[in-house]
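Colleague:
2 protein chains.
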Amino acid sequence: MGRNQLISTTTTLPEIQAGIEAVEKLMRTQADDYNGDLKSALSLLLSSGGKRIRPRIILLLGRILKANEDTLITLASAIELLHTATLVHDDLIDGALLRRGVATLNSKWSAAATVLTGDFIFASAAYLAAKTNSIEVMKVFSTTLMTIVNGEVNQLFNSRCNTSKSDYYKRIYAKTASLFEAATHTTSILSPVSDLDRDRMRRFGYELGMAFQIVDDVLDYSGDQAVVGKPVGGDLRQGLVTLPMLYFIESNPQNEVVQSLLQGKCIEDDQAVDNVIQAILTSSAIEHSLNEAEQFAKRALDLIADLPASPYKDELVYLTETSIVRKN
Amino acid sequence: MGRNQLISTTTTLPEIQAGIEAVEKLMRTQADDYNGDLKSALSLLLSSGGKRIRPRIILLLGRILKANEDTLITLASAIELLHTATLVHDDLIDGALLRRGVATLNSKWSAAATVLTGDFIFASAAYLAAKTNSIEVMKVFSTTLMTIVNGEVNQLFNSRCNTSKSDYYKRIYAKTASLFEAATHTTSILSPVSDLDRDRMRRFGYELGMAFQIVDDVLDYSGDQAVVGKPVGGDLRQGLVTLPMLYFIESNPQNEVVQSLLQGKCIEDDQAVDNVIQAILTSSAIEHSLNEAEQFAKRALDLIADLPASPYKDELVYLTETSIVRKN
Numbered sequence: 042m043g044r045n046q047l048i049s050t051t052t053t054l055p056e057i058q059a060g061i062e063a064v065e066k067l068m069r070t071q072a073d074d075y076n077g078d079l080k081s082a083l084s085l086l087l088s089s090g091g092k093r094i095r096p097r098i099i100l101l102l103g104r105i106l107k108a109n110e111d112t113l114i115t116l117a118s119a120i121e122l123l124h125t126a127t128l129v130h131d132d133l134i135d136g137a138l139l140r141r142g143v144a145t146l147n148s149k150w151s152a153a154a155t156v157l158t159g160d161f162i163f164a165s166a167a168y169l170a171a172k173t174n175s176i177e178v179m180k181v182f183s184t185t186l187m188t189i190v191n192g193e194v195n196q197l198f199n200s201r202c203n204t205s206k207s208d209y210y211k212r213i214y215a216k217t218a219s220l221f222e223a224a225t226h227t228t229s230i231l232s233p234v235s236d237l238d239r240d241r242m243r244r245f246g247y248e249l250g251m252a253f254q255i256v257d258d259v260l261d262y263s264g265d266q267a268v269v270g271k272p273v274g275g276d277l278r279q280g281l282v283t284l285p286m287l288y289f290i291e292s293n294p295q296n297e298v299v300q301s302l303l304q305g306k307c308i309e310d311d312q313a314v315d316n317v318i319q320a321i322l323t324s325s326a327i328e329h330s331l332n333e334a335e336q337f338a339k340r341a342l343d344l345i346a347d348l349p350a351s352p353y354k355d356e357l358v359y360l361t362e363t364s365i366v367r368k369n
Numbered sequence: 042m043g044r045n046q047l048i049s050t051t052t053t054l055p056e057i058q059a060g061i062e063a064v065e066k067l068m069r070t071q072a073d074d075y076n077g078d079l080k081s082a083l084s085l086l087l088s089s090g091g092k093r094i095r096p097r098i099i100l101l102l103g104r105i106l107k108a109n110e111d112t113l114i115t116l117a118s119a120i121e122l123l124h125t126a127t128l129v130h131d132d133l134i135d136g137a138l139l140r141r142g143v144a145t146l147n148s149k150w151s152a153a154a155t156v157l158t159g160d161f162i163f164a165s166a167a168y169l170a171a172k173t174n175s176i177e178v179m180k181v182f183s184t185t186l187m188t189i190v191n192g193e194v195n196q197l198f199n200s201r202c203n204t205s206k207s208d209y210y211k212r213i214y215a216k217t218a219s220l221f222e223a224a225t226h227t228t229s230i231l232s233p234v235s236d237l238d239r240d241r242m243r244r245f246g247y248e249l250g251m252a253f254q255i256v257d258d259v260l261d262y263s264g265d266q267a268v269v270g271k272p273v274g275g276d277l278r279q280g281l282v283t284l285p286m287l288y289f290i291e292s293n294p295q296n297e298v299v300q301s302l303l304q305g306k307c308i309e310d311d312q313a314v315d316n317v318i319q320a321i322l323t324s325s326a327i328e329h330s331l332n333e334a335e336q337f338a339k340r341a342l343d344l345i346a347d348l349p350a351s352p353y354k355d356e357l358v359y360l361t362e363t364s365i366v367r368k369n
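Residue numbers (the numbering used here), protein chains in the order written: chain A, 42 to 369; chain B, 42 to 369.
1. As a quick exercise: from B:S263, B:S205 and B:S232, pick the residue whose alpha carbon is nearest that of K107 of chain B.
2. Whose Cβ in chain A lies nearer than 8 Å to the Cβ of V358 of chain B?
3. Among B:N191, B:T127, B:S84 and B:V282, which residue has its Cα nearest to the Cα of T204 of chain B?
4. Would you check if there are 3 or more beta carbon pairs closer than 8 Å linking the stretch 333 to 349 of chain A to the stretch 250 to 257 of chain A?
5. Short of 7 Å in beta carbon distance, which residues of its chain neighbour S263 of chain B, apart from the five on each side in sequence? Order them along the chain.
6. Using CA atoms only, rank isn't needed, just tell me which of A:Y353, A:I365 and A:I318 is closest to T408 of chain A.
7. For a contact meaning CB atoms closer than 7 Å, what does E193 of chain A contact in chain B?
8. Quick one, are the C-beta atoms of A215 of chain B and N191 of chain B less than 8 Å apart?
9. Using a Cβ cut-off of 8 Å (strictly closer), state whether I365 of chain B contacts chain A.
10. How would you write the range of the alpha helix (DSSP H) that Q254 of chain B sits in, first residue to last?
11. Check whether the Cβ of I120 of chain B lies closer than 8 Å to any Cβ atom in chain A.
12. Does the distance from the CB of L169 of chain B to the CB of A167 of chain A come in under 8 Å?
13. Between the beta-carbon of T228 of chain B and the beta-carbon of I99 of chain B, is there less than 8 Å?
14. Counting along the chain, where does the alpha helix (DSSP H) carrying I213 of chain B start and finish?
15. Closer than 6 Å by C-beta to S165 of chain B: which residues in its own chain qualify, once you throw out the five before and the five after it? Chain order, please.
16. Give the C-beta separation of I162 of chain A and A126 of chain A to the nearest angstrom, bearing in mind that I take them to be a contact with Cβ-Cβ under 8 Å.
17. CB-CB under 7 Å to S324 of chain B, same chain, minus the five flanking residues each way: which ones, in chain order?
18. Verify whether the separation of the beta carbon atoms of S219 of chain A and L284 of chain A is less than 8 Å.
19. From B:T158, B:D258, B:D265 and B:L101, pick the residue whose C-alpha is nearest to that of L85 of chain B; which is it?
20. Of the residues that make up the stretch 172 to 196 of chain A, which ones have a beta carbon closer than 7 Å to any beta carbon in chain B?
21. Taking all protein chains shown into account, do 16 or more other C-beta atoms lie within 10 angstroms of the C-beta of Q300 of chain A, making it buried, or fewer, making it exposed?
22. By a C-beta neighbour count over all protein chains shown, 10 Å radius and 16 as the cutoff for buried, is E248 of chain A buried or exposed?
23. Taking 8 Å as the CB-CB cut-off, is D160 of chain A touching chain B?
24. Could you tell me the distance, in whole angstroms, from the CA atom of M113 of chain B to the CA atom of E62 of chain B?
25. Tell me the DSSP secondary structure of L54 of chain A in three-state form.
26. Measuring alpha carbon to alpha carbon, tell me which residue in A:S118, A:V298, A:L287 and A:I134 is nearest K66 of chain A.
27. Using CA coordinates, which residue listed in A:Q304, A:F182, A:C307 and A:S207 is at the minimum distance from H226 of chain A?
28. Whole angstroms is fine: what's the gap from R95 of chain B's alpha carbon to L101 of chain A's?
29. Classify K172 of chain B as buried or exposed, calling it buried when 16 or more other Cβ atoms lie within 10 Å of its own Cβ.
30. By the criterion of Cβ-Cβ separation under 7 Å, what are the contact partners of N332 of chain A in chain B?
31. Could you please tell me which residues of the stretch 207 to 225 of chain B, in chain order, have their CB closer than 9 Å to any CB of chain A?
32. Would Y168 of chain B count as contacting chain A if we go by Cβ distances under 8 Å?
33. Could you check whether the Cβ of F337 of chain A sits closer than 8 Å to any Cβ belonging to chain B?
34. On the criterion of 16 or more Cβ atoms from any shown chain inside 10 Å, does A350 of chain B qualify as buried, or is it exposed?
35. Show which residues of chain A have a CB atom less than 7 Å away from the CB atom of A153 of chain B.
36. H329 of chain B touches chain A at which residues, Cβ-Cβ below 9 Å?
What follows is the structure in structure tokens.
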């Protein structure tokens, strides 16, 4: 898996592209019978894009596992709306004004309207999850939301300037891998496969999600600001220690800023943060982090290796491989 | 139905009281495996009390309709947690510092922590709703959340100083009656009764909920501040026109403040608001509002009149009757 090419994760299969469009439409119509401002807000949020990676995974995996296509579209919409709702509340909590280079709802609306829009999207997501007619899906869906929110609470109270590696893994599980895991697990629940296969597919989502978040955390340092849509080093500036910094700490225990962090002190000086970011970029920390993402991705690939050959499998493999070479 | 006695809605049936205690316990344990601060917040929120009227209705109605007791406790916990979550976000949106005379989470925690605690409670509520193992329950549960949140968005954007009576009824449906309706509807869904009976029970919840909210709105004017736990006339001070004011407008079209409101202008002068509140209290507006609540309660009683006689039915009738004579 090379890392130097710019690869699009956009699907090349017309039936998957049609599925993604159906998901977009289903998500967008959830507020049709409700307040006009809510409808506009949902439309704005969905038009700001995103890679729709979770819906793609669901549609591809579901076709491989022979799930019903309409149910997959409903599930993919539910999972993507859950993701969207958490982003809305997240941006409010972080006070973020931009996401993917586009103004957040939070930067335009009052906090009250933003809280309620997020709540409405949670409710729509739950409604669509219920429409899959599977109680097991509903249980996975709701416990995943508990995990995600619990992770955000941990991050709020306990993770600032936290240099524990185990805290980091728990954090990225809660933040990203839990929903990837839920996406592949619920897809398999809705497919005519064994419990053993369901567990494998659940783990596939876990490994892929972990890889995906590590790459996100690397891009926070090494990404092109214009492509990522966020200021470089933003995590560290907010006191969030991610994998590149953790590797940097391991190799540079004597660094002044590292010393201070290990003593539990956040870096408050902007110049010191800039210096550390530059030091990380010229160190092996980025390479080590990407190696680790690659390990997660390889385990993910192993878990789907036995699935029957098909264009959908080829694309799911491709999506997994490219998840660690993306630029945004 | 007299109105001058102080009546407690606390149950006198030991099995219902035991059920309520089981509900309290189930709700409280939802955060046990999660962040300690989240656990404390949930515990704090639940200890600040509330009448637990929705759980009582569910436990009583469910026993009358012969639903499984454990399922009823799960359902009652789900519905009460949904209610609790909406209150948490509501208090944040209103900037309320007190609820039932007790400090709100919002007054102690940051907005971020309050948003997330509400989200966590939504997720727990959804999880418990899924544990009833009924997809129909999940659908009612999630559409009710959509209705409640949509009502809050309407209130935020369109209801300030709105003197339309139809807007008022839509508002109190979204705010209160929708969840009462969901409580009785889901109870009947989990009971071995006909679709026709389910529809009657759904409507029973609707009528009772409408009566309940009108009385709440009356208490906002006429209630004893120490008992209600909120400043008197708070709704009007926030630009919220409720039934007593709507009746006052009908009988006093020439009143200066009424004129101003009818022209779409909010009352900004505190002294003018105080004067209107006093005028409402000495007018027939309170009596007219309570008469209307009584009409809703009577329709509710008609809808349960045919249920078989039992101590549970007696108590459900009593709860419905007393819902319009309460002091808080």
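Positions of the beta carbon are idealized from the N, C-alpha and C atoms, including for glycine. This one's a predicted model, so the numbers in the text were calculated from it and none came from an experiment.
Modeller: The relevant details are as follows:
1. Locating residue 107 of chain B in the second sequence gives position 66, where the first residue counts as 1. With distances taken between Cα atoms, K107 of chain B lies closest to B:S232.
2. Residue mapping note: residue 358 of chain B aligns to position 317 of the second sequence, counting from 1. Those within 8 Å of V358 of chain B in chain A number zero; the least Cβ separation is about 33 Å.
3. Here residue 204 of chain B is taken as the residue at index 163 of the second sequence, counted from 1. Nearest of B:N191, B:T127, B:S84 and B:V282 to T204 of chain B, Cα basis: B:V282.
4. yes
5. On the second sequence, residue 263 of chain B is found 222 positions in, with the first residue counted as 1. The residues are L322 and I327.
6. Not covered by the structure: residue 408 of chain A. The range shown for chain A is 42 to 369.
7. Taking the first sequence and counting its residues from 1, the one referred to as residue 193 of chain A is at position 152. Correct list: L157.
8. Residue numbering aside, residue 215 of chain B sits at position 174 when the second sequence is read from its first letter. Residue numbering aside, residue 191 of chain B sits at position 150 when the second sequence is read from its first letter. Closer than 8 Å, so yes.
9. Working through the second sequence from its first residue, we reach residue 365 of chain B at position 324. Chain A contact via Cβ: absent.
10. The residue given as residue 254 of chain B occupies position 213 in the second sequence. Per DSSP, Q254 of chain B belongs to the alpha helix (DSSP H) from D236 to S263.
11. The residue labelled residue 120 of chain B in the question sits at position 79 within the second sequence. No, because no Cβ of chain A sits closer than 8 Å to the Cβ of I120 of chain B.
12. What you label residue 169 of chain B is simply residue 128 of the second sequence in a count that begins at 1. What you label residue 167 of chain A is simply residue 126 of the first sequence in a count that begins at 1. For L169 of chain B and A167 of chain A, no; Cβs fall outside 8 Å.
13. What you label residue 228 of chain B is simply residue 187 of the second sequence in a count that begins at 1. What you label residue 99 of chain B is simply residue 58 of the second sequence in a count that begins at 1. Yes, the Cβ-Cβ distance between T228 of chain B and I99 of chain B is below 8 Å.
14. For the purposes of this step, residue 213 of chain B is taken as residue 172 along the second sequence, with counting starting at 1. First-last of the alpha helix (DSSP H) with I213 of chain B: K206 to I213.
15. Numbered from its first residue, the second sequence carries residue 165 of chain B at position 124. Excluding sequence neighbours, S165 of chain B sits near Q71 and L122.
16. Numbered from 1 along the first sequence, position 121 holds the residue referred to as residue 162 of chain A. Numbered from 1 along the first sequence, position 85 holds the residue referred to as residue 126 of chain A. 4 Å between Cβ atoms; contact.
17. As a first step, residue 324 of chain B is located in the second sequence; it is residue number 283 there, counting from the start. F289 and S292.
18. Locating residue 219 of chain A in the first sequence gives position 178, where the first residue counts as 1. Locating residue 284 of chain A in the first sequence gives position 243, where the first residue counts as 1. No, the Cβ-Cβ distance between S219 of chain A and L284 of chain A is not below 8 Å.
19. What you label residue 85 of chain B is simply residue 44 of the second sequence in a count that begins at 1. The shortest Cα separation from L85 of chain B among B:T158, B:D258, B:D265 and B:L101 belongs to B:T158.
20. N174, I176, M179, K180, S183, T184, L186, M187, V190, N191, E193, V194 and N195
21. Within the first sequence, numbered from 1, the residue matching residue 300 of chain A stands at position 259. Label assigned to Q300 of chain A: exposed.
22. Here residue 248 of chain A refers to the residue found at position 207 of the first sequence. Under this definition E248 of chain A is a buried residue.
23. Within the first sequence, residue 160 of chain A is the residue found at index 119, counting from 1. For D160 of chain A, the answer is yes, since a Cβ of chain B falls inside 8 Å of its Cβ.
24. One-based indexing of the second sequence puts residue 113 of chain B at position 72. One-based indexing of the second sequence puts residue 62 of chain B at position 21. It is Leu, not Met, that sits at residue 113 of chain B in the sequence shown. Whole-angstrom Cα-Cα distance: 13 Å.
25. Along the first sequence, one-based indexing puts residue 54 of chain A at 13. Coil at L54 of chain A, not helix or strand.
26. Counting from 1 along the first sequence, the entry for residue 66 of chain A is found at position 25. If we check each option's Cα against that of K66 of chain A, A:S118 comes out closest.
27. One-based indexing of the first sequence puts residue 226 of chain A at position 185. Measuring from the Cα of H226 of chain A, the nearest candidate turns out to be A:F182.
28. Looking up residue 95 of chain B in the second sequence gives position 54. Looking up residue 101 of chain A in the first sequence gives position 60. In a straight line, the C-alpha of R95 of chain B is about 43 Å away from that of L101 of chain A.
29. In the second sequence, residue 172 of chain B corresponds to position 131, counting from 1. It is buried - the Cβ of K172 of chain B has at least 16 other Cβ atoms within 10 Å.
30. Within the first sequence, residue 332 of chain A is the residue found at index 291, counting from 1. Per Cβ cutoff of 7 Å: no residues; N332 of chain A is ~31 Å from chain B at best.
31. none
32. Indexing the second sequence from 1 puts residue 168 of chain B at position 127. For Y168 of chain B, the answer is yes, since a Cβ of chain A falls inside 8 Å of its Cβ.
33. For the purposes of this step, residue 337 of chain A is taken as the residue at position 296 of the first sequence. No, its Cβ sits nowhere closer than 8 Å to a Cβ of chain B.
34. For this step, residue 350 of chain B is matched to residue 309 along the second sequence. Exposed, by the Cβ-count rule.
35. As a working mapping, residue 153 of chain B is identified with position 112 in the second sequence. I134 and L197, listed in chain order.
36. As a working mapping, residue 329 of chain B is identified with position 288 in the second sequence. Per Cβ cutoff of 9 Å: no residues; H329 of chain B is ~30 Å from chain A at best.
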